[in-house]
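Only one structure is covered here, and it is reproduced in the block below.
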Amino acid sequence: MKLPIYLDNNATTPMDPRVLEAMLPYFNEKFGNAASRNHPFGWVAEEGVDYAREQVAKLIGASEKEIIFTSGATESDNLAIKGVFEMYKEKGNHIITTVTEHKAVLDACKHVEKLGGKVTYLPVKEDGILDLEVLEKAMTNDTILVSVMYGNNEIGVIQPIKEISAIAHKYGALFMTDAVQAVGKIPVDVNKDGIDLLALSAHKIYGPKGVGALYVRRKGPRVKVTAQMDGGGHERGMRSGTLNVPGIVGLGKACELCGQEMESEAKRLSAMRDRLQTALTVLEESYVNGNVEHRLPHVANISFKYVEGEGLMMAMKDLAVSSGSACTSASLEPSYVLKSLGLSDDLAHSSIRFGLGRFTTDEEVDYAIEVTKKSVTHLRELSPLWEMFKEGIDLNSIEWAEH
Amino acid sequence: MAYSDKVIDHYTNPRNVGTLDKSSHKVGTGLVGAPECGDVMRLQIQVDDNNVITDAKFKTFGCGSAIASSSLATEWLKGKSIDDAMKIDNMDIVEELALPPVKIHCSVLAEDAIKAAINDFRVKNGLAPIESEKVHH
Chain A
1 MKLPIYLDNN
11 ATTPMDPRVL
21 EAMLPYFNEK
31 FGNAASRNHP
41 FGWVAEEGVD
51 YAREQVAKLI
61 GASEKEIIFT
71 SGATESDNLA
81 IKGVFEMYKE
91 KGNHIITTVT
101 EHKAVLDACK
111 HVEKLGGKVT
121 YLPVKEDGIL
131 DLEVLEKAMT
141 NDTILVSVMY
151 GNNEIGVIQP
161 IKEISAIAHK
171 YGALFMTDAV
181 QAVGKIPVDV
191 NKDGIDLLAL
201 SAHKIYGPKG
211 VGALYVRRKG
221 PRVKVTAQMD
231 GGGHERGMRS
241 GTLNVPGIVG
251 LGKACELCGQ
261 EMESEAKRLS
271 AMRDRLQTAL
281 TVLEESYVNG
291 NVEHRLPHVA
301 NISFKYVEGE
311 GLMMAMKDLA
321 VSSGSACTSA
331 SLEPSYVLKS
341 LGLSDDLAHS
351 SIRFGLGRFT
361 TDEEVDYAIE
371 VTKKSVTHLR
381 ELSPLWEMFK
391 EGIDLNSIEW
401 AEH
Chain B
1 MAYSDKVIDH
11 YTNPRNVGTL
21 DKSSHKVGTG
31 LVGAPECGDV
41 MRLQIQVDDN
51 NVITDAKFKT
61 FGCGSAIASS
71 SLATEWLKGK
81 SIDDAMKIDN
91 MDIVEELALP
101 PVKIHCSVLA
111 EDAIKAAIND
121 FRVKNGLAPI
131 ESEKVHH
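Following this line, the structure appears as structure tokens:
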């Protein structure tokens, strides 16, 4: 077993060697510009892109004509939200999203507000799931888009996408989903799920960084987005810029592999994740964040009360995980996702996200369990809050000097 | 962000972790920070009849830099008179531990904890608390 162990697969994933192998020829021998229509170099590159387009489309049940390649999910989210707003603003100016979305969606929505749009940021329930009644109440005749993520990046909670899209459509709005964490991990089908726009990324599914895609529905209804970048009119005029051929080929291969291995892989990962979670919640005062039933197979977000997340990560130095603690960012604010579940700040500060992946082994999970337990126990010995808790002092009764 | 060797050393081998009898009039206790903010420090000093700190203990809920700052503070406190202890400045801690700007608040908290512990001791022994001339927050 090699240390450190990578358990941060929601942040990014290592590239699968089979993906790398598929990409390599497109860096040198097949280097052509996919837009060069008049010579074999261009044709070969275009063939690679076309094949990748089919691979991506197949994974999400789409047609290859509905795939727009981008630089990643942040761009896809921006293109979808700003592009829909610009394209449909005559129809209405209202967009609905949730507070637990990725920053790429939230900030694109804020941009829309600056352009005169109205955005409703819906709260979620304590388990992280959107209340359908709350959504329905927020719908108006002016609502042109509902954007709700498929699976959450911090807690892994899966939203009831089918039901949400049905509500959006009932009111004549389009439905968009940031499916970065879900695609390739669980079955996603744009038709069964009623998705009109979908953002995905290669590097979360064992592909390369810097490439992603936006699915844009072509039939029932035909959806259009206004391009956010001006240029040569690539990608059906929706996204200009010379195609990143090696990256796109890698994304295609990554999608193909996920399609083939997803089912068995999801079983393997959820079994490992559950084992990790069961072993760690044996520790006193540890809590799993978010719904545990409707959850991606590879994520567990656990708060270890009375221990601060960054301090804990430092103790688990051979484990690469992530924390909702403020100390991991410069902002001093703990995770907005965890806070939106109604978690108190101290629990948000105490959270660790374990993200398993394709290359995670049982041996690594065993090691992670051991190290985490040892570290939590060690840091609690150092924690004045733990001592007070053990003495039966109610921490809420103390007047803390907030700084 | 990488931690300095000194932070790692104090974090890995924290000095003077523990609890002194807070009811003793020879012990001063400072509890600063807040759980909501992600760091709480408790620093305690044992003071002899000559106003010299003979022992210091801490417990900290917080990041590695917060733990290292409090560990370092207890090391510095031992053997100092309480007057000298009062002079410990957060920037001395920043320098010693090579804390990056985002972690300066950890050193501020340690300085606050020292002053709070000394003042607790002073009040217990019938002396007026010393107002800190520095305003950090």
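Those sequence lines, one after another, are chains A and B.
Read left to right, the first sequence gives residues 1 to 403 (full-length UniProt numbering).
Read left to right, the second sequence gives residues 1 to 137 (full-length UniProt numbering).
Beta carbons: idealized from backbone N, C-alpha and C, even for Gly.
Looking only at S375(A), G342(A), D345(A), R273(A), the smallest Cα-Cα distance to D8(A) is reached by R273(A). Beta bridge pairing from DSSP links L200(A) with A213(A). Judged by their CB atoms, N152(A) and V337(A) are nearer to each other than the 8 Å cut-off. In this structure A179(A) touches L200(A) by the C-beta definition: roughly 6 Å separates them, less than 8 Å. Closest in alpha carbon position to K224(A), among T372(A), M87(A), N78(A), N38(A), is M87(A). Across the set I68(A), Q159(A), A62(A), the C-alpha of Q159(A) shows the shortest separation from the C-alpha of E101(A).
Ranked by how close their Cα comes to the Cα of G247(A), the residues E387(A), K2(A), E21(A) have E21(A) in first place. Secondary structure of S23(B) (DSSP, three-state): coil. At the C-beta level, L385(A) and P35(B) come within 8 Å of one another. If you draw a straight line from the Cα of D84(B) to the Cα of E310(A), it comes to about 32 Å. If only complete runs of 4 or more residues are kept, the region 33-80 of chain A shows the alpha helix (DSSP H) at 40-59, in order along the chain. Remark: C-beta atoms of V211(A) and G259(A) do not approach each other more closely than 8 Å.
CA-CA distance, V245(A) to L257(A), rounds to 18 Å. Annotation: V148(A) to L115(A) spans about 21 Å, alpha carbon to alpha carbon. Taking the C-beta atoms as reference points, Y26(A) is found nearer than 8 Å to G48(A). In this chain, the alpha helix (DSSP H) harbouring T377(A) covers 362-381. For Q46(B), the enclosing beta strand (DSSP E) covers residues 39-47. With three or more CB-CB distances shorter than 8 Å, the region 59-77 of chain A counts as touching the region 170-185 of chain A. Note on geometry: alpha-carbon atoms of M262(A) and I205(A) lie some 11 Å from one another. Here L276(A) is buried: its Cβ has 16 or more other Cβ atoms, across all protein chains shown, within 10 Å. DSSP places V183(A) within a strand segment (E or B) once states are collapsed to three. Scanning chain B for C-beta atoms nearer than 7 Å to the C-beta of L395(A) yields P35, reported in chain order. Nearest CB-CB separation between S325(A) and chain B: below the 8 Å threshold. Contact between L145(A) and L174(A) is confirmed by a C-beta separation of about 5 Å, below the 8 Å threshold.
Closest by C-alpha distance to S24(B), out of D48(B), V32(B), S4(B), K6(B), is D48(B). Each residue's CA atom was taken as its position, placing A315(A) and A202(A) some 31 Å apart.
Sequence-distant Cβ neighbours of T226(A) in its own chain, meaning closer than 7 Å and more than five residues away, are G83, E86, M87. Under the 10 Å beta carbon count, R37(A) is surrounded by fewer than 16 other beta carbons and is classified as exposed.
In the assembly as shown, R239(A) is a buried residue. Its beta-carbon has 16 or more other beta-carbons within 10 Å. Interface annotation, L382(A): in contact with chain B, CB-CB separation under 8 Å.
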